[in-house]
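In my numbering, the protein residues as written are 3 to 492.
Put into C-alpha cells, the structure is as follows:
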C-alpha cells in the first residue's frame, strides 16, 4: 500500500524541490506529449468505425500502422487520456477518494447538456465550459453537504452523483423529444466513442493533459503531503484546502476530456482502475504514478483498437473491460499483494512452521532423556506430535530434504544444522515466555500459546535484545533450561 510510505522522511527535500522524486520521468512525459502532437493529422477522410476490413489481421495491420488519419487521432487521444487519468487517478486512490471521480463524471452531464443548449452544436468549447462549471458546482455541493449537515462524505457523494446525473438525463431527454435530429450526437457522451473524436477534441484533450502534468510536476511535493497527511501539510504552511480544490478542478477537466472516449458512465473506471492496478504493484508514489500512466495508455490503446474492429462499437466499455482484465491479473499475481503469491507465501510459511515444530518435538524428546541418546524412534515422534502417522512421515521427509535430520533405520537424529535450528526455536520460545512473565507480568500458564506463534518469526537481533534485557537468563518460567547460543555459555 502506498500509504505505508512515510511522508516526513523526504518532505523537507520535497519542499525545496517538490518534484525531486519525479523530475526526470515527468519531463520525459512532457517530451512524449509533444511528440504525439506532431502526429496530429490536418485532415480527416473517414471515421474509425467506418474503417472496417474483411480480415481481422488486415484490420490490426491498418490500425497499428496508422495508415488512416482518424486512427491516429483516436489512438493519440486515448493515449493522452490514459496519461491524464492515470496521473490524477493515483492521487484519488491514495486519498481514498475513488467515489469522487465517479461523482464528478456524472455531475458534468447537466453541464454538457446545457452547453449544447447554449449553441445547439457539439462545439467543444461550450461543452467544456458547461461541464467544468457543473463539475465545480458538484464538488462544492459535496463540501457544503458535509460541512452543514451530519452527512458523511460517501453519502454526500452519492446524493450529488444521483441528483446531477438525473438532471442531466432529464435535460437530454427533453432535448431529444424537441430536437431529435440535433441531439443524437450527445449520446456518445454516455458510453464514449473514439470514432467521434475530431482534431478540436484532440487539441482539448492534449491541452488538459499537458496542463495537468505541468501543475502536478510543479506542485508534486504539496500534493504528496496533502494526500498522505493533510494535518501535517497544514502544520508546515501548505494550503491543503487550496490543493484539494485544485485537484478537484483537474479532475473535472480530466472527466470532460475523457467523456468523448469512455463516456460519463465509465469515465470513473478510467480514473480508478489503472491507478488501483499500480497500487497493487508498488509501495512508492513515484513508481505508482508512472505505472498508472503506463497502464492508462495501454488499456486506452487496446480499447480503441477493439472498438475499431467493428462499426458503431463504443470505445468506453472496451477500455474498461481491458482495464478490468489488467487489474484482475495484478490482483491475482502482484508479487507482494497478489492473491496467488500471498497464498503461496502462507503455504510455504505453514510448511516451514510444521517442519520447525517437528524439529522442536525431536529436541524435547532428546531433552526428556537429558540428551543421553542422540536419536529417537519414528513412533516416539508420532506420539509426541500427536498427528497422523502419514502426515508426520511427510514432515520427516521434508526435514531430510532440507538436511536438518538424518534417518538410519527407524532412528531419527539431528544434523548439525538441524540441531542448531531446533535450539534456536526452543530458545526463542522460552525467552519469549520469560519476557512475558517478567516484563509484562503475565502468569506463566498463559504465555505458552503466544510463544508458540512468535518463536518462528523472532529475528536474531530481537532475540539478542531479549537476552540482554533479561540479563542472559538460563531457565524459563517453568524451570526448563534455555539453550545457549553456540559457544556463548559453554
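Note that CB positions come from ideal geometry on N, CA and C, so glycine has one too.
The residues 301, 304, 305, in chain order, have a CB closer than 7 Å to that of residue 324 in the same chain once the five nearest residues on each side in sequence are set aside. Within the stretch 71–113, the runs of alpha helix (DSSP H) that reach at least 4 residues and sit entirely inside it are, in chain order, 71–96.
Annotated as proximal: residue 83 and residue 259, with beta-carbon spacing under 8 Å.
Where residue 379 is concerned, the enclosing beta strand (DSSP E) starts and stops at 377–379.
Exclusion of the five residues before and after residue 113 leaves 132, 133, 135, 136 as the residues of its chain whose Cβ lies within less than 6 Å of its Cβ.
Here residue 483 is bridged, per DSSP, to 477.
Setting aside the 5 residues that flank it on each side, residue 295 is surrounded in the same chain by 85, 88, 89, each with a C-beta closer than 6 Å to its C-beta; the list follows chain order. Per DSSP, residue 425 has no beta-bridge partner at all. Approximately 6 Å separates the beta-carbon atoms of residue 407 and residue 416; this is inside 8 Å, confirming the contact. In this structure residue 241 is exposed. Its beta-carbon is surrounded by fewer than 16 other beta-carbon atoms within 10 angstroms.
Taken in chain order, the unbroken stretches of alpha helix (DSSP H) that lie wholly in the stretch 259–313 and span 4 residues or more are 287–310.
Around the beta carbon of residue 330, fewer than 16 other beta carbons lie within 10 angstroms, which makes this residue exposed. Among the bridge pairs identified by DSSP, residue 410 is matched with 413. A Cβ-Cβ distance of about 5 Å is found for the pair residue 159 and residue 105, placing them in contact under the 8 Å criterion. The C-alpha of residue 147 lies about 17 Å from the C-alpha of residue 103. Around the CB of residue 313, fewer than 16 other CB atoms lie within 10 Å, so the residue is classed as exposed. Using a Cβ-Cβ distance cut-off of 8 Å, the stretch 428–441 and the stretch 457–466 are in contact, since at least three pairs of beta carbons, one from each stretch, lie closer than that value.
By the CB criterion at 8 Å, residue 321 and residue 264 fall inside the cutoff. Residue 214: member of the alpha helix (DSSP H) spanning 201–220, first to last residue. The C-beta distance from residue 138 to residue 251 rounds to 7 Å, short enough to fall under 8 Å. In the structure shown, the three-state DSSP call for residue 148 is helix. In this structure, residue 475 and residue 446 do not form a Cβ contact; the two beta carbons are roughly 14 Å apart against a cut-off of 8 Å.
Between residue 257 and residue 81, the CB-CB gap reaches or exceeds 8 Å. Its chain contains 91, 94, 95, 100, 103 as the residues whose beta carbon lies nearer than 7 Å to that of residue 274, once the 5 sequence neighbours on both sides are disregarded; these appear in chain order. Taking the Cβ atoms as the reference, residue 401 lies roughly 6 Å from residue 360, within the contact range of under 8 Å. Residue 458 carries a coil assignment under DSSP once its states are collapsed to helix, strand and coil. Going by beta carbons, residue 97 and residue 237 fall outside the 8 Å limit.
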